[in-house]
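Here's the structure, in structure tokens; my notes come after.
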Amino acid sequence: MEAARRRTQNRTNGKASDSTETSAQWGRAWEVDWFSLIGVVGLLCFAPFIVFYFVMACDQYQCSITQPLLDLYGGKTTLFSIWARAPSFSWSAAKIYSVWVGFQVFLYMCVPDVVHKFLPGYVGGVQDGARTPAGLINKYEINGLQCWLITHALWFANAHYFHWFSPTIIFDNWIPLMWCTNILGYAVATFAFIKAYLFPTNPEDCKFTGNIFYNYMMGIEFNPRIGKWFDFKLFFNGRPGIVAWTLINLSYMAKQQELHGHVTNSMILVNVLQAIYVLDFFWNEAWYLKTIDICHDHFGWYLGWGDCVWLPFLYTLQGLYLVYHPVQLSDTHALTVLVLGLVGYYIFRSTNHQKDLFRRTDGSCSIWGRKPTYIECSYRSADGGVHRSKLLTSGFWGVARHFNYTGDLMGSLAYCAACGFGHILPHFYIVYMTILLVHRCVRDEHRCSSKYGKDWKRYTDAVPYRLIPGLF
Ligand code: NDP
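Under this note's numbering, the residue at position 381 of the sequence shown is numbered 405, and the numbers go up by one with no gaps.
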């Protein structure tokens with residue numbers, strides 16, 4: 025599609041600069057090449073089996089991911105016998121999962137946020153999202169922290185007083201639950217796909233590439249909703265997957281206690297570091313409305329299935345591994361992991377906070393005790409409107425263009441290092457996060473470059489590195 029272009033006046037730190045061309049068309053790709061298409065079809069068909077492979081490796085091979093391959097290669101087992109040994113779909117798992125998802129829908133839709141009324145500094149209740157490519161600004165009910173608190177309060181109340189179910193319930197139904205999450209993940213993606221054709225929420229923000237598989241995977245609608253408030257992205261990104269993350273870890277901890285009679289320091293570290301990350305997510309849910317998932321990605325299988333299946337199963341591999349291998353770390357090792365995790369978290373949070381503060385105050389703030397420096401730019405939305413924006417070049421944003429990802433990667437490395445170095449499986453997360461975030465850098469920069477045109481080039485000249493200064 026031909027991008028509409030206009031010449032516009034730009035400014036750098038308030039000073040007028042050369043006029044530049046700004047692309048009007050931004051957002052994800054409109055045309056799909058053969059290479060991407062093969063990748064898309066491959067992922068749609070095989071991604072569930074990648075997840076299955078990891079959990080099966082723990083269930084049948086004590087978390088060795090090479091042993092199943094060696095056994096298959098050596099003729100000691102067959103795909104059929106691996107499949108036959110794996111627990112299958114069960115109605116009891118389906119019931120547990122239905123209650124779980126139903127409860128999260130209830131909390132999301134029916135319990136308006138009250139936490140922001142008494143927690144100083146927390147932003148909850150009705151908040152504005154970012155401007156969409158069509159120029160719309162959606163409203164969101166932010167109540168994720170409240171849902172997380174209620175859910176976890178009930179979990180602890182059950183574990184200590186009510187005893188309705190065992191705290192190991194998640195671990196005990198892990199593979200049957202995986203089939204249930206797959207059913208929901210594909211159902212949601214398929215529903216969103218059909219809805220985009222038949223009754224889209226905002227037709228101006230739909231994107232059709234002409235390729236059915238790509239549309240299914242990357243989504244057509246930008247912000248699909250049912251009614252005024254049930255926003256698919258906000259619900260599926262945060263709950264049921266991220267609320268579940270800490271409960272899954274607690275279930276692993278309970279299982280380790282049940283099987284081995286004690287909880288190891290590595291299990292505590294993984295639980296604590298990942299709980300900080302999850303709580304941070306909900307504490308900053310309003311900020312999250314301004315991140316790529318909500319601002320730029322369309323809702324399809326990538327987000328729908330990814331949030332239902334990939335996240336709860338693969339982001340929690342460290343805890344799962346520690347159930348089978350109760351690693352007790354030396355004090356030095358444990359302290360190193362803790363420091364790495366906390367420093368990573370500090371960088372991740374401070375970098376995100378700096379951008380948020382800068383954008384919220386339109387640059388009228390202090391970053392590292394100084395007035396921020398920035399590149400002023402403009403862009404055009406699909407409705408033809410011209411808007412101004414600023415790209416921060418000081419604080420962590422002057423160190424590298426995605427230093428928040430660098431902090432995130434340090435935290436991810438800490439979770440993996442907490443499991444020791446006996447097996448590859450718990451280290452999958454850092455490999456995956458590196459691929460995800462490097463790919464995200466490239467994707468985001470491609471989008472920003474088409475959005476801001478020459479202004480983006482001025483920004484990359486001012487801050488030349490992406491993740492690690494001097495290296496990448
Ligand atoms: P960012 O929060 O970095 O947002 C990128 C956007 O910020 C750009 O598209 C651009 O948007 C704007 N921007 C870029 N540079 C600047 C600048 N210098 N000054 C001001 N604005 C700028 O990225 P994400 O949304 O990907 O990530 C948010 C956080 O979530 C990160 O910390 C990341 O590590 C984490 N994350 C975690 C994942 C996980 O699975 N654990 C997955 C993905 C992300 P605009 O169009 O507004 O200019």
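All residues carry an ideal CB built from backbone N, CA and C; glycine is no exception. These figures come from a predicted structure and were not determined experimentally.
**OP:** At 3 residues or longer, and completely inside the region 395 to 435: list those beta strand (DSSP E) runs for me, N to C.
**Re:** Those beta strand (DSSP E) runs which fall completely within the region 395 to 435 and span 3+ residues are 398 to 404, 410 to 416.
Subject >> Any non-hydrogen atom of the ligand NDP closer than 7 Å to Lys-395 Cβ >> reply: For the ligand NDP, not one heavy atom lies less than 7 Å from the Cβ of Lys-395.
**OP:** Compute every distance between the C-beta of Trp-421 and the non-hydrogen atoms of the ligand NDP, then say whether any falls below 7 Å.
**Re:** Checking the Cβ of Trp-421 against the ligand NDP gives yes.
Original post:
Short check: CB of Leu-362 to CB of Gly-265, under 8 Å?
Top reply: No, they are not a contact pair.
**OP:** Report buried or exposed for Arg-394, applying the criterion of at least 16 other Cβ atoms within 10 angstroms of its Cβ.
**Re:** In this structure Arg-394 is exposed. Its beta-carbon is surrounded by fewer than 16 other beta-carbon atoms within 10 angstroms.
**OP:** Go ahead and pull the three-state DSSP assignment for Val-138.
**Re:** Val-138 falls in the coil class under three-state DSSP.
Original post:
Residues in its own chain within less than 7 Å of Val-302 by CB, not counting five upstream and five downstream?
Top reply: Within the same chain, Cβ atoms closer than 7 Å to the Cβ of Val-302 are found at Ile-266, Trp-269, Thr-270, the five residues on either side in sequence being excluded.
Original post:
Within the chosen definition, does the region 411 to 428 reach the region 372 to 383 through at least 3 CB pairs nearer than 8 Å?
Top reply: With three or more CB-CB distances shorter than 8 Å, the region 411 to 428 counts as touching the region 372 to 383.
Original post:
Considering Val-523, what are the terminal residues of the beta strand (DSSP E) in which it resides?
Top reply: Any question about residue 523 goes unanswered here, given that the chain covers just 25 to 496.
Original post:
Buried or exposed: which applies to Val-139, given that a residue is buried once 16 or more other Cβ atoms fall within 10 Å of its Cβ?
Top reply: Around the beta carbon of Val-139, a 10 Å sphere encloses 16 or more other beta carbons of the protein chains shown; the residue is thus reported as buried.
Original post:
Assuming Ile-316 and Lys-257 make a contact with CB atoms under 8 Å, what is their CB distance in whole Å?
Top reply: About 11 Å separates the beta carbons of Ile-316 and Lys-257, which is beyond the 8 Å limit, so they are not a contact pair.
**OP:** Since I believe Pro-191 is in contact with Ser-275 (beta carbons under 8 Å), could you give me their beta-carbon distance rounded to a whole number of angstroms?
**Re:** That pair is a contact at about 6 Å.
Original post:
Measuring CA to CA, which of Glu-165, Gly-330, Asp-432 is closest to Met-202?
Top reply: The residue among Glu-165, Gly-330, Asp-432 with its C-alpha nearest the C-alpha of Met-202 is Gly-330.
Subject >> Bridge partner(s) assigned by DSSP for Glu-165 >> reply: Per DSSP, Val-150.
Original post:
Is there at least one non-hydrogen atom of the ligand NDP closer than 7 Å to the beta-carbon of Ile-161?
Top reply: No, the Cβ of Ile-161 stays beyond 7 Å of every heavy atom of the ligand NDP.
Original post:
Quick one: does the C-beta of His-426 sit closer than 7 Å to a heavy atom of the ligand NDP?
Top reply: If you check the C-beta of His-426 against the ligand NDP, you find a heavy atom less than 7 Å away.
Original post:
How long is the line joining the alpha carbons of Glu-197 and Leu-338, rounded to whole angstroms?
Top reply: It is Asn, not Glu, that sits at residue 197 in the sequence shown. Asn-197 and Leu-338 have their C-alpha atoms spaced approximately 16 Å apart.
Original post:
According to DSSP, is Ile-194 helix, strand or coil?
Top reply: Residue state for Ile-194 is assigned as helix, using DSSP reduced to three classes.
Subject >> Gly-209 versus Ala-441: straight-line alpha-carbon distance, rounded >> reply: The alpha-carbon atoms of Gly-209 and Ala-441 are separated by roughly 30 Å.
Subject >> Minimum C-alpha distance to Phe-73 - residue among Ile-199, Ala-177, Trp-188 >> reply: Nearest of Ile-199, Ala-177, Trp-188 to Phe-73, Cα basis: Ile-199.
Original post:
Apart from the five residues just before and just after Val-64, which ones in its own chain have a Cβ nearer than 7 Å to its Cβ?
Top reply: Excluding positions up to five away in sequence, the list reads Phe-237, Tyr-238, Met-241.
Subject >> Among Arg-263, Phe-372, Tyr-345, Phe-305, nearest to Cys-500 - alpha-carbon criterion >> reply: Given a span of 25 to 496 for the chain in the structure shown, any question on residue 500 remains unanswerable.
**OP:** Check whether the Cβ of Lys-257 sits closer than 7 Å to any heavy atom of the ligand NDP, and report yes or no.
**Re:** No, the Cβ of Lys-257 stays beyond 7 Å of every heavy atom of the ligand NDP.
Original post:
Can you find a heavy atom of the ligand NDP that lies under 7 Å from the Cβ of Leu-9?
Top reply: Any question about residue 9 goes unanswered here, given that the chain covers just 25 to 496.
Original post:
Whose C-beta lies closer than 8 Å to the C-beta of Tyr-348 among residues of the same chain, with five residues either side of it excluded?
Top reply: In chain order, Cys-82, Gln-86, Cys-87 place their CB closer than 8 Å to the CB of Tyr-348, counting only its own chain and leaving out the 5 sequence neighbours on each side.
**OP:** Using three-state DSSP, classify Glu-45 as helix, strand or coil.
**Re:** In this predicted model, Glu-45 has a pLDDT of only 39, less than 50, meaning its place in the structure is not dependable enough to derive any value.
Original post:
Quick one: what's Arg-249 bridged to in DSSP?
Top reply: Bridge partners of Arg-249: Asp-255.
Original post:
In or out: Cys-8 buried (at least 16 other Cβ within 10 Å) or exposed?
Top reply: Since the first and last residues shown for the chain are 25 and 496, residue 8 lies out of range.
Original post:
On the three-state DSSP scale, how would you describe Ile-391?
Top reply: Three-state result, Ile-391: strand.
**OP:** Report yes if the C-beta of Asn-376 is less than 7 Å from at least one heavy atom of the ligand NDP; otherwise report no.
**Re:** Relative to the ligand NDP, Asn-376 has its C-beta within less than 7 Å of a heavy atom.
Original post:
Is it buried or exposed for Leu-283, if we count other Cβ within 10 angstroms and need 16 for buried?
Top reply: Its Cβ having fewer than 16 others within 10 Å, Leu-283 is exposed.
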